[in-house]
Amino acid sequence: MTAPIRDGVPAFTPTEMMTVAASRALTSRDVCFVGIGAPSAACNLARLTHAPGVTLIYESGTIGTRPDVLPLSIGDGELCDTALTTVSVPEMFRYWLQGGRITVGFLGGAQIDRFANLNTTVVGDYAKPKVRLPGGGGAPEIATHCQEVFITMAMGARAFVDRLPFVTSLGHGTGGDDRRRRGATTKGPTRVITDLCVMTPDPETKELTVASIHAGATRDVIRDACGWPVRFADVVEETPVPSAEELAILRDLHARTKRAHGGA
Amino acid sequence: MARFMTLADAVAETVRDGDTVAMEGFTHLIPYAAGHEVIRQGRRDLTLIRMTPDILYDQMIGMGCAAKLKFSWGGNPGVGSLHRMRDAVENAWPRPLDLEEHSHAAMANAYEAGAANLPFAAFRGYVGADLPKVNPNIRSVTCPFTGEVLAAVPAIRPDVAIIHALRADREGNVMLEGIVGVQKEAVLAARRSIVTVEEIVDDFGPRNANAVILPSWTVGAIVAVPGGAFPSYAHGYYKRNNAFYIAWDPIARERDTFLAWMKTNVLEGRPEDFAARARRPAAA
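Protein sequence lines correspond, in order, to chains F and D. The opening position of the first sequence corresponds to residue 1 in the numbering used here, with each subsequent residue numbered one higher. The opening position of the second sequence corresponds to residue 265 in the numbering used here, with each subsequent residue numbered one higher.
Here is the structure:
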């Protein structure tokens, strides 16, 4: 997929489109628990564009951090140096996350299913895995303690799967009111931002449904990149393309980050 | 009670084959120099505990030190897999590795319970997650006041905690600040401890009254190892060497490149090498 040039706005990559679309999900009122990788880029882009008041929290204990470059890890010194305050890891998980102080958990994942459950633990059998993934880290409790969860990850049939081999963190379970029946009192995933489209859970069934399609993508491309027969909303919007300002700020952020991490 | 020692003596005296060893430092202040000494002394059958086993535990697992790993996130942050950990789990190389896997919330609560001399930790966790199905140490407890069912995990009580701190004073009090992770809890939960520090000073001088201080009577061996957290970092001393974390990926991908790197940099290395590494701007 290549994205077009429109109305003089420069071309952008699907990944840039994904980051920009994800960033737009946040507002200045949010207190956001930031996952590393794609979520971190989106959250900091939001802070540098339309949501300057957003409070970003990383699980290393940094609260209200404003990094000049994207961290490679969740505990880079940059996060602590620019934070309002830094707390211990037990305090972070007990008072701030479990304490219900976070409005949005922003997660990525290796695999997702149609009810936005995530797997970052294993592919194959747990005891004898084909691929051993890093594991859950903070995600199992981020997924249930934050008021809502945004997920951002690139689409592909190996990532968007019909059946997860392992549920690392709960989305909407088996759909419907299953999440609530299992004891989660928060909303769970309300938005999944991919490189091709934005999905939202159906209000009744909680199955992820394509709500808007990015410029350059098509229904067929999305179907091919999804491991289940993906549904489309009755009215599917076209995702607004990135503005020149969003792209410039994002590219600048990535360029600073690359220089800071040793040009690798 | 704190005693100033060489790193070789501290490890020889404190870490025994078969011990349960927690080496903490949440991205910041990871005790690399001490871990390398454990590898050099050939410790075996360790149960390694760490929330985020990053490159240090990849090295220890790849060198065959560990029989078991208790952890909550095992990756090279922002880079990808820990290839030596994966090789141990997927192919039992160089030996099988048992896993006891938790979430960060569970590990943090379990360390705190250990420091507080409690037998277990209770928290709201693991709702709808599969880990309780594969880890028999994740259980539940019912609140006697409300009837709410909470997740429960055993307290972490290691034989040995190993951390890297910023400074010790001449009396053996230890100070760290910045991202302080779970190091205070790990040391207070453990029977014995080793603390490496960037420097030993006459007096801590002006400092935040809420800096983490471990009084001398709560720590064991203290060793000055400048740069001892490289390629992790020490707040105010040197930055995280992200280029090294990126460069580690191809080194660890194959067994022979890994073993060659470990021979040159660890088996034939010395604690004194860390000072120069931490000063160097780019990867080795």
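Just so it is clear, CB atoms sit at the ideal spot from N, CA and C, and this is done for glycine as well.
Comparing C-alpha distances from Glu78(F) to each of Ile57(F), Pro242(F), Pro14(F) shows the shortest one belongs to Ile57(F). DSSP places Cys407(D) in no beta strand (DSSP E); its state is neither H nor E. Contact of Gly339(D) with chain F is assigned, a C-beta pair being separated by under 8 Å. At a cut-off of 8 Å between beta-carbon atoms, Tyr296(D) makes no contact with chain F. Remark: C-beta atoms of Pro90(F) and Glu449(D) approach each other more closely than 8 Å. Under the 10 Å beta carbon count, Met265(D) is surrounded by fewer than 16 other beta carbons and is classified as exposed.
By the criterion of a C-beta distance shorter than 7 Å, Ser480(D) is surrounded in its chain by Met265, Ala266, Glu435, Gly436, Asn437, once the five residues flanking it on both sides are discounted. For Thr86(F), the nearest beta carbon of chain D is closer than 8 Å to its own beta carbon. The alpha helix (DSSP H) runs of length 4 or more contained entirely in the segment 67-111 of chain F are, from start to end of the chain, 77-81. In this chain, the beta strand (DSSP E) harbouring Cys32(F) covers 31-34.
When Cβ pairs closer than 8 Å are counted between the two stretches, the segment 205-222 of chain F is seen to touch the segment 231-240 of chain F, the count reaching three or more.
In this structure, Thr120(F) sits near Pro134(F), with a CB-CB distance shorter than 8 Å. With fewer than 16 other Cβ atoms inside 10 Å of its own Cβ, Val413(D) counts as exposed. Per DSSP, the continuous beta strand (DSSP E) segment holding Phe387(D) begins and ends at 384-387. Residue-level contact by beta carbon fails for Val198(F) and chain D, as no gap is shorter than 8 Å. Taking C-alpha positions only, Glu207(F) is separated from Gly378(D) by approximately 42 Å. Put simply, the segment 483-490 of chain D touches the segment 454-472 of chain D. At least three CB pairs are less than 8 Å apart. The criterion of a C-beta distance shorter than 8 Å is not satisfied by His50(F) and Ala116(F). By the Cβ neighbour-count rule, Phe387(D) is buried, with 16 or more other Cβ atoms within 10 Å of its own. Counting along the chain, the unbroken beta strand (DSSP E) around Ile477(D) starts and ends at 476-478. Contact between Leu346(D) and Gly136(F) does not hold, since the beta-carbon distance rounds to 15 Å and is not under 8 Å. Here Leu97(F) has Phe33, Glu141, Ile142, His145 as same chain residues with Cβ atoms under 7 Å from its own Cβ, once five neighbours each way along the sequence are excluded. The C-beta of Leu363(D) has 16 or more other C-beta atoms within 10 Å across all chains shown, which makes the residue buried. When secondary structure is reduced to three states using DSSP, Gly299(D) falls in the helix class.
Nearest neighbour of Val405(D) by Cα position, chosen from Ala415(D), Val398(D), Arg350(D), turns out to be Ala415(D). By alpha-carbon distance to Ile319(D), the top candidate from Arg471(D), Pro418(D), Trp512(D) is Trp512(D). Within chain D, Ile443 have C-beta atoms less than 9 Å from the C-beta of Thr62(F), given in sequence order.
When the five nearest sequence neighbours on each side are left out, the beta carbons in the same chain lying within less than 8 Å of the beta carbon of Ala369(D) are those of Phe387, Gly389, in order along the chain. In the structure shown, the three-state DSSP call for Arg114(F) is coil. If you ignore the 5 residues before and after Asp283(D), its C-beta comes within less than 7 Å of the C-beta of Leu310, Asp423, Val424, all in its own chain and listed in chain order. The shortest C-alpha to C-alpha distance from Met526(D) to any of Phe290(D), Met324(D), Val285(D) is the one to Met324(D). By the beta-carbon neighbour count (other beta carbons within 10 angstroms, threshold 16), Lys334(D) is buried.
Those residues of the segment 275-292 of chain D placed with their C-beta closer than 7 Å to a C-beta in chain F are Phe290, Thr291, His292, ordered along the chain. Here Ala260(F) is buried, its C-beta having at least 16 other C-beta atoms within 10 Å. In the displayed model, Thr15(F) falls within a helix according to three-state DSSP.
In chain order, Val391, Gly392, Ala393 make up the part of chain D whose C-beta sits under 7 Å from the C-beta of Leu170(F).
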